[in-house]
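Chains as they are written, first to last, in this note's numbering: chain E, 1 to 694; chain S, 1001 to 1205.
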């Protein structure tokens, strides 16, 4: 029995937590969460069976190598995981509001919550969002048909899903680690926590980390090698530039995390002494390795959001981006400097004053290119004809809030101040203040902009705008008070507090968290309303916002092959120029057959084997771990011996689809002006504002 | 963008395959750069742990320069053999046995390298230099072992490539794969030169 199930026991099932440890709020939360995962999974499976969707799901999505579908799947994964992350946030804020001399949750459960919340929000929400956007947009923006390595792209998605699956499984079986998202040893080492928690973390992060590294390589090669003729580097859309910088960071910043995870695994499984307290182990190596990854990671997450904000300002102000070159240089500068600041995450952990000063200065330096960006966006908006649609609401929230978050970062960059506020709620306020208004608002604005491109209809404006305001209000109430209690000395990650003056702030935080939950729900309400009204929101002609870059020069949704003929690019903002000169939507002189990569189950095979491996390794089920590894390697070898002929789309089919689209545009007899942008008259054919289009 | 003759070493049989080969080879270079960072990090950790012997065996005890010299010769010999395989692939694509023969030389040499390395590992366990003994030994085993695992993975890859050459012949696809495997193989040599000098030579210097 022991050999078959390793160290797994019935008592590890969280479903029966209330029976094992008595009924309390603590056990109800744990058991309730486990039941939600199980019942949610069962309900989804039942619905798929009832609607007979397993076949289409497998054929059209899970085995597809189309970058657009993979991008959408990444974003869906991000939203699923975000549901858990937001719920955890609400539970944590509720606990903290009651935590005067002890709260409703047990200390262990509290520690597990802040660890999973951080891990999930960074690795399985923000990362899938960013990778999803890059996946969807980059080939369209550079005039390519797909990624450089479509199958590897699918495998990356599989590995990311593995990490997400392992953290979800940990909610039902056993316990996740309790040492925060950074999982510092020796607290997470075998001496202090021999349980399955840190092992779940190690395998979830290690396996999804490989996926991220492969994504980085794939994106970088795509941008370097797959651009359409004429698209020189300085003609690339800004989002593609930020994607390139993020890819470079992914390629070089993931190895330290991989090494840290592997060494932690060696410590825990084989008794090595990398990070232990005794026998020459040195946990500072872990801190350095983790943050050598962790700091570039911050920019991995924020740079593409900056890219979205850049596209957004120039589109919704109907102006060419002011200072394109400065913005590109600033992005590259941030990418490079981001590798030189990691030590500011542990100023207090025994470095000399000189070292701290050097890293403090480097950290302050990074504010310069970031400041350049803020000025670039302001100058772009200046004098433009701004339309205040939902993306612009997010942009406004971002502008004000992100600057506050950035300024608190400058304060923290000073080692002397950092010593005073480190490990307090001030830090929690700071990083939420850059990640929510920065990355999340960017992503949500991006969803509003590109959803019509991906699905053929706009999102409802009113619901979208209300949701955006809810996000801004919820964020402000939840996190701005933490600056104050942080300065008052409230330590982060503490299960209880002793100073009654914190109470009013904590109640405000809890109300804010409930608003954030409402905002998250608002996203789905928006989606629901939009799906119901999709006929009047439809924009099949593909250009609802008078877009400037190549992805808008396709129907919505774009065909599998993206472009009927590979475009030839003569300058920046190619599509805007074509429209300004009155020559968009030309029927090409000749159509050719299009070759596309074939579908493959590779991603699913990698997902299933690595999930089995990660679970088995966590619970010491060695036969399963070996079996999964052998199956994976064996499948790769067998796969390499098979021929994989490309899918050929005949020229007549391309011609039929493309001509139908262009004829529809010609029949529309002139596009709609920006005044009608949010009315049913917007069918995705934009009359461009020629005065400011260039 | 002129892409003619970007990979003359592959001697692709027709015009037009260069772009695909270029994308794949460039992608593999990017992977190797990432892998190089991985090795670099493990080297750095090793560097911080050289003195963390915790009273256990140190560099003098674990370094057997005689054995390390043999390993170096075998691994460099393997790379040399692979170079001949690449040249055969370029100049004699019709005679796949030439390529396969040189691949066999490279594989045998690398297999011998692994065997000698395993003998060293065994010796270390007999003198109590196991990774559980100290931070230094953990780092040593991890660094040398990571390289050894890369070589073992490369051997598996080489076996699969041999099968593919037998099944498909030296097609453009196969040539591109052999080229990438060559990059990997020479890369492992470069890493070994680092291990040879920074772990073993520096250890007894």
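Don't be surprised by glycine CBs; every beta carbon is placed ideally from N, CA and C.
Among the options, nearest to residue i - alpha-carbon criterion
i, options, result
"residue 253/E", "1026/S, 1036/S, 1029/S", "1036/S"
"residue 159/E", "174/E, 127/E, 186/E, 137/E", "127/E"
"residue 269/E", "200/E, 680/E, 322/E", "200/E"
"residue 356/E", "340/E, 369/E, 370/E, 368/E", "340/E"
"residue 364/E", "99/E, 415/E, 349/E", "415/E"
"residue 504/E", "26/E, 93/E, 76/E", "93/E"
"residue 1182/S", "1092/S, 1022/S, 1164/S, 1103/S", "1103/S"
"residue 679/E", "554/E, 460/E, 99/E, 633/E", "460/E"
"residue 205/E", "116/E, 237/E, 368/E, 582/E", "116/E"
"residue 570/E", "219/E, 114/E, 234/E, 69/E", "234/E"
"residue 551/E", "59/E, 311/E, 654/E", "311/E"
"residue 4/E", "336/E, 682/E, 621/E", "621/E"
"residue 1219/S", "1189/S, 1204/S, 1201/S, 1203/S", "This structure does not reach residue 1219/S, given that chain S is present from 1001 up to 1205, and the question cannot be answered."
"residue 1127/S", "1019/S, 1025/S, 1060/S, 1201/S", "1060/S"
"residue 487/E", "381/E, 385/E, 475/E, 501/E", "501/E"
"residue 704/E", "247/E, 536/E, 45/E, 186/E", "As displayed, chain E neither begins before 1 nor continues past 694, which places residue 704/E out of reach and without an answer."
"residue 1159/S", "1072/S, 1118/S, 1105/S, 1191/S", "1105/S"
"residue 317/E", "384/E, 403/E, 677/E, 577/E", "384/E"
"residue 288/E", "359/E, 404/E, 591/E", "359/E"
"residue 293/E", "329/E, 218/E, 225/E, 212/E", "212/E"
Residue i and residue j closer than 8 angstroms at C-beta
i, j, result
"residue 197/E", "residue 176/E", "yes"
"residue 1134/S", "residue 1047/S", "no"
"residue 241/E", "residue 315/E", "no"
"residue 509/E", "residue 87/E", "no"
"residue 468/E", "residue 390/E", "yes"
"residue 61/E", "residue 118/E", "no"
"residue 1096/S", "residue 1165/S", "yes"
"residue 279/E", "residue 1054/S", "yes"
"residue 670/E", "residue 154/E", "no"
"residue 1078/S", "residue 1110/S", "yes"
"residue 257/E", "residue 220/E", "no"
"residue 207/E", "residue 70/E", "no"
"residue 259/E", "residue 1195/S", "no"
"residue 296/E", "residue 249/E", "yes"
"residue 121/E", "residue 85/E", "yes"
"residue 370/E", "residue 334/E", "yes"
"residue 282/E", "residue 1052/S", "yes"
"residue 203/E", "residue 618/E", "yes"
"residue 457/E", "residue 539/E", "yes"
"residue 422/E", "residue 408/E", "no"
"residue 695/E", "residue 99/E", "An answer regarding residue 695/E cannot be provided, because it is not within the stretch 1 to 694 covered by chain E."
"residue 597/E", "residue 646/E", "yes"
Cβ distance (whole Å) where residue i is taken to contact residue j below 8 angstroms
i, j, result
"residue 63/E", "residue 675/E", "So it is not a contact: roughly 44 angstroms between Cβ atoms."
"residue 477/E", "residue 427/E", "With 8 angstroms as the limit, residue 477/E and residue 427/E do not qualify as a contact, their Cβ atoms being about 19 angstroms apart."
"residue 449/E", "residue 545/E", "6 angstroms"
"residue 561/E", "residue 594/E", "5 angstroms"
"residue 167/E", "residue 179/E", "Contact flag wrong, Cβ pair sits at about 15 angstroms."
"residue 75/E", "residue 304/E", "Rounded, the Cβ-Cβ distance is 12 angstroms, inconsistent with contact."
"residue 172/E", "residue 37/E", "5 angstroms"
"residue 442/E", "residue 239/E", "In fact, because the Cβ distance is near 10 angstroms, the residues do not count as touching under 8 angstroms."
"residue 438/E", "residue 470/E", "Between residue 470/E and residue 438/E the Cβ distance is about 18 angstroms, and since that is not below 8 angstroms, they are no contact."
"residue 452/E", "residue 535/E", "Their Cβ separation, rounded to whole angstroms, is 14 angstroms, which puts residue 452/E and residue 535/E out of contact at 8 angstroms."
Q: Identify each residue in the stretch 1030–1045 of chain S for which the Cβ-Cβ distance to at least one residue of chain E is less than 9 angstroms, and report them in chain order.
A: Identification of residues in the stretch 1030–1045 of chain S having a C-beta nearer than 9 angstroms to some C-beta of chain E yields 1030, 1031, 1033, 1034, 1035, 1036, 1037, 1038, 1039, 1040, 1041, 1042, 1044, 1045, given in sequence order.
Q. If contact means a Cβ-Cβ distance below 8 angstroms, which residues of the stretch 635–648 of chain E contact chain S?
A. Result list: 637, 640, 641.
**Q.** Contact residues within the stretch 198–224 of chain E, judged by C-beta distance below 9 angstroms to chain S
**A.** Within the stretch 198–224 of chain E, the residues whose Cβ lies closer than 9 angstroms to some Cβ of chain S are 213, 214, 216, 217, 218, 220, 221, 222, 224, listed in chain order.
Q: Pick out the complete beta strand (DSSP E) segments inside the stretch 609–651 of chain E, 3 residues or longer, and give them in chain order.
A: Runs of the beta strand (DSSP E) inside the stretch 609–651 of chain E: 647–649.
Q. Going along the chain, which residues of the stretch 1066–1097 of chain S sit with their C-beta nearer than 7 angstroms to a C-beta in chain E?
A. Residues of the stretch 1066–1097 of chain S with a Cβ closer than 7 angstroms to any Cβ of chain E: none.
(Q) Ignoring anything shorter than 3 residues, give me the beta strand (DSSP E) runs that lie fully in the stretch 205–248 of chain E, in order along the chain. (A) Counting whole runs of 3 or more residues, the stretch 205–248 of chain E contains no beta strand (DSSP E) stretch at all.
Q.
Counting only Cβ-Cβ distances shorter than 7 angstroms, please list the residues of the stretch 1048–1060 of chain S near chain E, keeping chain order.
A. Under the 7 angstroms Cβ criterion, the stretch 1048–1060 of chain S contributes 1048, 1049, 1052, 1053, 1054.
**Q.** Every unbroken beta strand (DSSP E) inside the stretch 521–566 of chain E [3 residues or more]
**A.** Qualifying beta strand (DSSP E) stretches: none in this window.
Q: Give, in chain order, every unbroken run of the alpha helix (DSSP H) that is at least 4 residues long and sits entirely within the stretch 437–476 of chain E.
A: Runs of the alpha helix (DSSP H) inside the stretch 437–476 of chain E: 441–455.
Q. When Cβ atoms are compared, which residues of the stretch 1145–1175 of chain S fall closer than 8 angstroms to chain E?
A. Within the stretch 1145–1175 of chain S, the residues whose Cβ lies closer than 8 angstroms to any Cβ of chain E are, in chain order, 1156, 1160, 1163, 1164, 1167.
Q: Taking a Cβ distance cut-off of 9 angstroms, strictly less, list which residues of the stretch 667–689 of chain E are near chain S, in chain order.
A: Taking 9 angstroms as the Cβ-Cβ cut-off, the stretch 667–689 of chain E has no residue approaching chain S.
(Q) As an exercise, report each continuous alpha helix (DSSP H) stretch of at least 4 residues that is fully enclosed by the stretch 58–82 of chain E, in chain order. (A) Along the stretch 58–82 of chain E, the alpha helix (DSSP H) does not occur as any fully enclosed run of 4 or more residues.
Q | Residues of the stretch 283–299 of chain E whose Cβ lies closer than 7 angstroms to any Cβ of chain S, in chain order | A | Of all residues in the stretch 283–299 of chain E, 285, 289 have a Cβ within less than 7 angstroms of some Cβ in chain S.
(Q) As an exercise, report each continuous alpha helix (DSSP H) stretch of at least 4 residues that is fully enclosed by the stretch 1033–1076 of chain S, in chain order. (A) If we require 4 residues or more, the alpha helix (DSSP H) runs fully inside the stretch 1033–1076 of chain S come out as 1059–1062.
Q) Mind pulling the alpha helix (DSSP H) runs of 4 or more residues that sit fully within the stretch 1087–1144 of chain S? A) You should have 1096–1126.
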